[in-house]
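J.: For the sequence shown, our numbering assigns the number 3 to the initial residue and increments by one for each residue that follows. Glycine residues also receive a C-beta, built at the ideal position from the N, C-alpha and C atoms. Pasting a structure below so you can have a look.
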Amino acid sequence: MCDFNTLNDEEKQLHHLKLLECANSFGGKNFFLLLLEAIRETKPHPLVSGQMSYNIEVGSITWNKAIFNDKLQLLLKARKNESTQDNLLPKKDEKNYKKILNVVRTLKPIVFQVKPADPSDGSGFFFQAFDIIDENKTKLNPIFDALFFCSVDTVKKVLNYEAKK
């Protein structure tokens, strides 16, 4: 999803609608972008927080299982290849296949909950890290990718996308 410009119009519209729905359930585009900017500035990466949560003034993200830095680093390497091979998983004969598969198996059950600090801003939303297409194909969930990895500018582009008529 971070390579938004390479997507076709239908995929762009789908990602736009998904992210817009998430933003609206978190208080709108501005609150959503504030959350993303805060995540990008946080060191170490919020996903490796031992509290399994990330809080800022406008809202929070919680998840149900600790994520260790070694898994995060493997995930970051794997996601770089996802757009070229259209699959997070490498080919079965590649050296790092088992490691990446293990990351997917470890992170797949984790459910993330994003909710605004003020309930009147929205109900929040839930998501998981991956979309499992079949036993040989797995993709990063675009919401997970946008929240934790894509540049804020890319997410702005997605949120402001208007379909060609």
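Where do the N-terminal and C-terminal ends of the beta strand (DSSP E) with P118 fall, by residue?
T.: On the sequence shown, residue 118 is found 116 positions in, with the first residue counted as 1. First-last of the beta strand (DSSP E) with P118: 113–118.
J.: Given this structure, state the Cα-to-Cα distance separating S27 from P48, to the nearest angstrom.
T.: Position 25 of the sequence shown holds residue 27. Position 46 of the sequence shown holds residue 48. Computed Cα separation, rounded: 21 Å.
J.: Do R42 and V160 have their beta-carbon atoms positioned less than 8 Å apart in this structure?
T.: Taking the first residue of the sequence shown as position 1, residue 160 is located at position 158. Taking the first residue of the sequence shown as position 1, residue 42 is located at position 40. For V160 and R42, no; Cβs fall outside 8 Å.
J.: At what residue ranges does the region 72–124 contain a whole run of the alpha helix (DSSP H), taking only runs of 4 or more?
T.: DSSP runs (the alpha helix (DSSP H)) wholly in the region 72–124: 99–109.
J.: Once DSSP output is grouped into helix, strand and coil, what is the label at I168?
T.: Within the shown structure, residues of the chain are numbered from 3 to 167, placing residue 168 beyond reach of any answer.
J.: Look at the Cβ atom of A80, then the Cβ atom of I102, and state whether they are nearer than 8 Å.
T.: In the sequence shown, the residue the question calls residue 80 occupies position 78. In the sequence shown, the residue the question calls residue 102 occupies position 100. Going by C-beta atoms, A80 is nearer than 8 Å to I102.
J.: Return the chain-ordered list of same chain residues with a C-beta closer than 8 Å to the C-beta of L37, the five sequence neighbours on each side being excluded.
T.: Position 35 of the sequence shown holds residue 37. If we look at L37 and ignore the five residues flanking it on each side, its Cβ neighbours are F28, I58, V60, G61, I63, V116, L149.
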